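Sequence lines, in order, name chains A and B. First residue of the first sequence: 39, per the working numbering; consecutive thereafter. First residue of the second sequence: 27, per the working numbering; consecutive thereafter. Have a look at the structure below before the remarks.
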Amino acid sequence: MLRLLKRTEPITPETPDESLVRRAQAGESAAFRALFERHVVSVRRFLRDLLRQGDMADDATQETFTRAHAQLQKLGDHDRFKPWILGIARNVAFEARRVRTYDPIDDEDDGIPAAVIPSPDPEAVLLDAELEKHFTEALSHLSEHRRAALLMRLDHGLSYEEIAEAFDWSLPTVKNEIHRARLKLRTHLLPHLTGGKALGGDATKGRNRP
Amino acid sequence: MSRCGRTSQLEALVRGEVPGPVAMDLRSHAKSCAVCRHELNWLESESSLFRQRAGRDEVAHLWAGVANKRGLNESRPWTRVLVAMAAAAVLALVVGLGGGAAQRNALSPTRAMDEVFETDALMSPTLILDEGEPCSKLPSGVGFSCSQPVPASFIASR
């Protein structure tokens with residue numbers, strides 16, 4: 039009876055991940071369902087960005103959460119569910135695309151501009167369908183690992199340390215990879231950003247513009 | 027990316043991780059520093075793009091696949107309510123039966139005799155009379171019948 043009463047503790051939007059993970063590990067399906075609902079949008083978007091196909095992303099999302107549930111007991115840091123599941127998602131995506139093991143040092147296909155790229159007016163950035171298409175395309179120009187690292191940082195809010203752990207990279211490597219990914223993304227995005235005007239005249243002065 | 031050395035601070039600013047006064051200082055600095063202003067513009071633009079994109083996903087259909095593969099057909103609140111109601115009904119039944127039995131016991135002759143005995147015990151003459159005092163000194167209606175004490179000489183002769 040006590041167990042029954044304990045299981046009926048309400049799950050609210052304020053219930054922390056840590057608590058949900060503990061309850062899910064104890065076998066409470068509703069807690070895992072809550073974790074799913076809380077993170078599925080992120081995970082699915084992350085996978086869509088890596089796989090670039092909606093139906094593949096759907097399958098990979100389900101596979102990610104299926105694996106997560108199967109391996110949930112292994113999650114020791116209960117408050118780190120998000121980086122943990124994004125790490126699983128990354129593995130699922132790379133398996134699906136049969137991506138080779140990545141060595142950041144070998145990746146010299148940058149085409150990264152040495153110049154400072156003119157900056158847009160952030161208040162004029164409106165993501166319409168056209169810009170979203172270009173945005174997705176700009177992301178696709180990044181290598182899978184670099185793109186995954188960038189997305190974890192910019193889209194999913196992970197810290198550099200969490201990304202380093204997920205990728206098993208050193209912290210300087212993570213920062214360097216994200217820096218390079220950012221430059222490349224900006225290069226591809228700039229022509230399509232509304233009001234893509236250079237505001238920092240001093241910053242671009244005397245440099246090559248892309 | 028900012029050669030001014032404030033890139034990480036600007037990034038924290040855009041992520042909302044910088045306390046108010048520091049944030050104001052940074053924004054003030056960015057107004058006068060072209061390098062930082064440039065970086066801040068990009069960081070805010072990127073953040074805006076990702077944020078706008080994040081609100082458009084449709085994922086409601088994905089749970090069924092996970093639940094089927096992992097057998098996660100969790101008990102819904104209404105099933106738990108039904109279980110609780112059933113448990114309460116069983117409990118009520120048990121209590122009801124027990125209570126009924128108690129009530130029947132109270133009405134039975136045995137129980138009535140017990141109660142009389144307890145009442146009489148409370149009114150035991152040894153609690154009221156001094157040793158050797160005859161019970162006939164008690165007021166009438168105290169719950170037991172008083173008879174003349176048997177003389178010790180009579181008991182010894184028997």
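Note that beta-carbon positions come from the ideal geometry of N, C-alpha and C, so glycine has one too. Note that the structure is a prediction, hence the values are computed from the model and not measured.
### Query
Cα separation between alanine 56 (chain B) and alanine 86 (chain B)?
Looking up residue 56 (chain B) in the second sequence gives position 30. Looking up residue 86 (chain B) in the second sequence gives position 60. Rounded to whole angstroms, the separation of the alpha carbons of alanine 86 (chain B) and alanine 56 (chain B) is 42 Å.
### Candidates A:Arg76, A:Ala167, A:His116 and A:Leu164: closest to phenylalanine 103 (chain A) by CA position
On the first sequence, residue 103 (chain A) is found 65 positions in, with the first residue counted as 1. Cα-wise, what sits closest to phenylalanine 103 (chain A) is A:Arg76.
### Exposure label - asparagine 67 (chain B); buried when at least 16 CB within 10 Å
As a first step, residue 67 (chain B) is located in the second sequence; it is residue number 41 there, counting from the start. By the 10 Å Cβ count, asparagine 67 (chain B) comes out buried.
### Task
Taking 8 Å as the cut-off, decide whether the C-beta atoms of arginine 128 (chain A) and alanine 176 (chain A) are in contact.
Locating residue 128 (chain A) in the first sequence gives position 90, counting from the first residue. Locating residue 176 (chain A) in the first sequence gives position 138, counting from the first residue. In this structure, arginine 128 (chain A) sits away from alanine 176 (chain A), with a CB-CB distance that is not shorter than 8 Å.
#### Entry: Unbroken alpha helix (DSSP H) run spanning alanine 62 (chain A), endpoints
As a working mapping, residue 62 (chain A) is identified with position 24 in the first sequence. Judged by DSSP secondary structure, alanine 62 (chain A) falls within the alpha helix (DSSP H) whose first and last residues are 55-63.
### Task
Specify, as a first and last residue, the run of the alpha helix (DSSP H) that proline 210 (chain A) falls within.
In the first sequence, counting from the first residue as 1, residue 210 (chain A) sits at position 172. Start and end: 209-227.
### Query
Since leucine 221 (chain A) contacts glutamate 72 (chain B) with CB under 8 Å, what's their CB separation in whole angstroms?
Reading the first sequence from its first residue, position 183 is the one you call residue 221 (chain A). Reading the second sequence from its first residue, position 46 is the one you call residue 72 (chain B). 12 Å between Cβ atoms; not a contact.
### Short CB-CB distance (under 8 Å) between arginine 216 (chain B) and chain A
Outside the shown range of chain B (27 to 184) lies residue 216 (chain B), about which nothing can therefore be said.
### Query
Beta carbon of leucine 228 (chain A), beta carbon of proline 156 (chain A): below 8 Å?
Walking along the first sequence from the start, residue 228 (chain A) turns up at place 190. Walking along the first sequence from the start, residue 156 (chain A) turns up at place 118. Yes; because the gap between Cβ atoms is below 8 Å, this pair is in contact.
### Query
Exposed or buried, what is glutamine 111 (chain A) when buried is set at 16 or more other beta-carbons lying within 10 Å of its beta-carbon?
The count along the first sequence starts at 1 and reaches residue 111 (chain A) at position 73. Exposed: under 16 other Cβ atoms inside 10 Å.
### Message
Quick check: the Cα distance between methionine 50 (chain B) and alanine 204 (chain A), rounded to an integer number of angstroms?
### Response
Position 24 of the second sequence, counting from 1, holds the residue named residue 50 (chain B). Position 166 of the first sequence, counting from 1, holds the residue named residue 204 (chain A). Distance from the CA of methionine 50 (chain B) to the CA of alanine 204 (chain A), rounded to the nearest whole angstrom, comes to 34 Å.
#### Entry: Cutoff 8 Å: alanine 118 (chain B) Cβ touching any chain A Cβ
Counting from one through the second sequence, the residue named residue 118 (chain B) turns up at place 92. At a cut-off of 8 Å between beta carbons, alanine 118 (chain B) makes no contact with chain A.
#### Entry: Neighbouring residues, chain A, relative to leucine 75 (chain B) (Cβ below 7 Å)
One-based indexing of the second sequence puts residue 75 (chain B) at position 49. Within chain A, Val163, Leu165 and Phe173 have C-beta atoms less than 7 Å from the C-beta of leucine 75 (chain B), given in sequence order.
### Task
With a floor of 4 residues, list each alpha helix (DSSP H) that falls wholly inside the stretch 145-209 of chain A, ordered by position along the chain.
Runs found: 167-178, 182-192 and 198-205.
### Task
Compute the Euclidean distance between the alpha carbons of leucine 85 (chain A) and phenylalanine 132 (chain A), then round it to the nearest angstrom.
As a first step, residue 85 (chain A) must be located in the first sequence, where it is residue number 47. As a first step, residue 132 (chain A) must be located in the first sequence, where it is residue number 94. Cα-Cα distance, rounded: 10 Å.
### Task
Spatial neighbours of serine 80 (chain A) within its chain, please: CB distance less than 6 Å, with the 5 preceding and 5 following residues excluded, ordered by chain position.
Sequence index remark: in the first sequence, residue 80 (chain A) carries index 42 (1-based). Within the same chain, Cβ atoms closer than 6 Å to the Cβ of serine 80 (chain A) are found at His194, the five residues on either side in sequence being excluded.
### Query
Does the Cβ of histidine 172 (chain A) lie closer than 7 Å to at least one heavy atom of the ligand MN?
The model depicted lacks the ligand MN and carries no ligand whatsoever.
### Query
Grouping DSSP H, G and I as helix and E and B as strand, with all else coil, what is leucine 66 (chain B)?
Locating residue 66 (chain B) in the second sequence gives position 40, counting from the first residue. In the three-state reduction of the DSSP assignment, leucine 66 (chain B) falls in the helix class.
### Query
Along chain A, which residues have their Cβ under 7 Å away from the Cβ of glycine 91 (chain B)?
As a position in the second sequence, residue 91 (chain B) is number 65, starting the count at 1. Residues of chain A passing the Cβ test: Gln100.
### Query
Name the chain A residues whose beta carbon is nearer than 8 Å to that of valine 85 (chain B)?
Within the second sequence, numbered from 1, the residue matching residue 85 (chain B) stands at position 59. Against chain A, the beta carbon of valine 85 (chain B) has neighbours under 8 Å at Val78, Val79, Arg82 and Thr99, listed in chain order.
### Message
For methionine 111 (chain B) and histidine 107 (chain A), what's the separation of their Cα atoms in angstroms?
### Response
Position 85 of the second sequence, counted from the first residue, corresponds to residue 111 (chain B). Position 69 of the first sequence, counted from the first residue, corresponds to residue 107 (chain A). Answer to the nearest angstrom: the Cα atoms are 31 Å apart.
### Task
Consult DSSP for aspartate 109 (chain A) and reduce its assignment to one of helix, strand or coil.
Position 71 of the first sequence holds residue 109 (chain A). Residue 109 (chain A) is actually glutamine in this sequence, not aspartate. In the structure shown, glutamine 109 (chain A) sits in coil (DSSP, three-state: anything other than H, G, I, E or B).
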